[in-house]
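At position 240 of the sequence shown (counting the first as 1) the number is 241 in our numbering, and the numbers step up by one without a gap.
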Amino acid sequence: MTELPANRHAIIIHMKIQRTKKIGVFDSGFGGLDILRGIIQENGEYDYLYLGDTARTPYGTRSQEIIYEFTKQAIDFLFAKNCELIIIACNTASAEALRKIQKNYIPKKYPHKKVLGVLIPAVESALEKTINKKVGIIATASTVRSCAFTKEIHKRDTSIRVYEQACPLLVPIVEAGEKYHKATDIILREYLQPLQKKHIDTLILGCTHYGLLESKIKKILGKDVAIISEARTVPKKLKLYLHNHSSLEQTLSKKSSLLFYSTDLTENFQTLGSMFFGKKINVKKITLQ
Ligand code: DGL
2 MTELPANRHA
12 IIIHMKIQRT
22 KKIGVFDSGF
32 GGLDILRGII
42 QENGEYDYLY
52 LGDTARTPYG
62 TRSQEIIYEF
72 TKQAIDFLFA
82 KNCELIIIAC
92 NTASAEALRK
102 IQKNYIPKKY
112 PHKKVLGVLI
122 PAVESALEKT
132 INKKVGIIAT
142 ASTVRSCAFT
152 KEIHKRDTSI
162 RVYEQACPLL
172 VPIVEAGEKY
182 HKATDIILRE
192 YLQPLQKKHI
202 DTLILGCTHY
212 GLLESKIKKI
222 LGKDVAIISE
232 ARTVPKKLKL
242 YLHNHSSLEQ
252 TLSKKSSLLF
262 YSTDLTENFQ
272 TLGSMFFGKK
282 INVKKITLQ
């Protein structure tokens, strides 16, 4: 707890500063904008800062060490911009860096601040949905390598059979705007077939980009497989989290503002940005170090 200054005027200023705190949303690039869109629909009153590390995306093929370093830098940036709570909207960063950050980095450097990820909301929703206890996960190669989804599921229920499938071609396909290319269906079928053979009844879309392929995935898997989308589950879990953490919630400013930062501005930023976010965004370029 920070101490309150003695005189009344100073107290009012202090309280105003306390209430200017924002929610930071971080992703390796554009994909987290899909989750941010859902978050805003559900929790529109707060002020948000989005940071996409577009200069260094994708994270999904990188080592754990480098993902941890990059994620720490993003966290430093967002906390320096007066965020009180950060959502790591990137599955790869949530899988490879979040636990270490929550355990080692935050308690030492930012003991009063919070960082949350996207894996646990997805896992909790999958456990609510599955009936036959066979859950599939599609994600980047780094996320699958970490086994973070399997670990989180087994912490909650060891009887669940978990099948993780790396889908390295899906992020480039989505970013190239090739959702409707005929090769996309062939590639999706190839990735999903091993999970179908295991008779999963629930599939987690464990990567920011896969929401854009959801209709195609649904068509291949059929109506008997429930699909868990983080753009739907994370916003609801965030609402609950803020409700349960009212002292944090009260410090957050509520002017419905939105600021976007990225580490590179490419020509297709507007196209990809609006594809994921659903409308045009204005982005400010920054450097992470
Ligand atoms: N944001 C990443 C994720 O959700 C996908 C893109 C990347 O590999 O950086 O895993």
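Backbone N, C-alpha and C define an ideal beta-carbon position, used for all residues, glycine too.
{"Asked": "Return yes when at least one heavy atom of the ligand DGL lies under 6 Å from the C-beta of residue 303, else no.", "Found": "It is not possible to answer for residue 303, since the shown part of the chain is limited to 2 through 290."}
{"Asked": "Can we count residue 164 as close to the ligand DGL, meaning its CB is less than 6 Å from some heavy atom?", "Found": "no"}
{"Asked": "From residue 114 to residue 191, what does the alpha carbon distance come to, in whole angstroms?", "Found": "42 Å"}
{"Asked": "Around the Cβ of residue 279, are there at least 16 other Cβ atoms within 10 angstroms (buried) or fewer (exposed)?", "Found": "exposed"}
{"Asked": "Work out the CA separation of residue 220 and residue 57 for me, nearest whole Å.", "Found": "33 Å"}
{"Asked": "When we look at the beta-carbon of residue 233 and count the other beta-carbons within 10 Å, is it buried (16 or more) or exposed?", "Found": "buried"}
{"Asked": "So, helix, strand or coil for residue 33, using DSSP?", "Found": "helix"}
{"Asked": "Considering residue 103, what are the terminal residues of the beta strand (DSSP E) in which it resides?", "Found": "First-last for residue 103: undefined, no H or E at that position."}
{"Asked": "When every heavy atom of the ligand DGL is checked, does at least one fall within less than 6 Å of the C-beta of residue 83?", "Found": "no"}
{"Asked": "Measuring straight from C-alpha to C-alpha, what distance separates residue 136 and residue 184?", "Found": "26 Å"}
{"Asked": "Specify the secondary structure class of residue 64 as computed by DSSP and reduced to three states.", "Found": "coil"}
{"Asked": "Only counting the same chain, and skipping five residues up and downstream in sequence, which positions put a Cβ closer than 8 Å to that of residue 85?", "Found": "22, 23, 24, 114, 115, 249, 252 and 253"}
{"Asked": "Nearest to residue 277 by CA position, among 73, 100 and 177, is which residue?", "Found": "177"}
{"Asked": "Look up residue 162 in the DSSP assignment and give the residues it is bridged to.", "Found": "135"}
{"Asked": "Can you tell me which of the three DSSP states residue 25 falls into?", "Found": "strand"}
{"Asked": "Just the Cα atoms here: how many angstroms apart are residue 224 and residue 148?", "Found": "27 Å"}
{"Asked": "Restricting to Cα atoms, I'd like to know which of 98, 260, 284 and 258 is closest to residue 268.", "Found": "284"}
{"Asked": "Using C-beta distances below 7 Å, list every residue in its chain close to residue 102, excluding the 5 sequence neighbours before and after it, in chain order.", "Found": "72, 73, 76 and 116"}
{"Asked": "What residue does the beta strand (DSSP E) around residue 227 start on, and which one ends it?", "Found": "227-229"}
{"Asked": "Just to confirm my understanding: we take residue 39, look at its own chain, exclude 5 residues before and 5 after, and list those with CB closer than 7 Å. What are they?", "Found": "232, 233, 235 and 236"}
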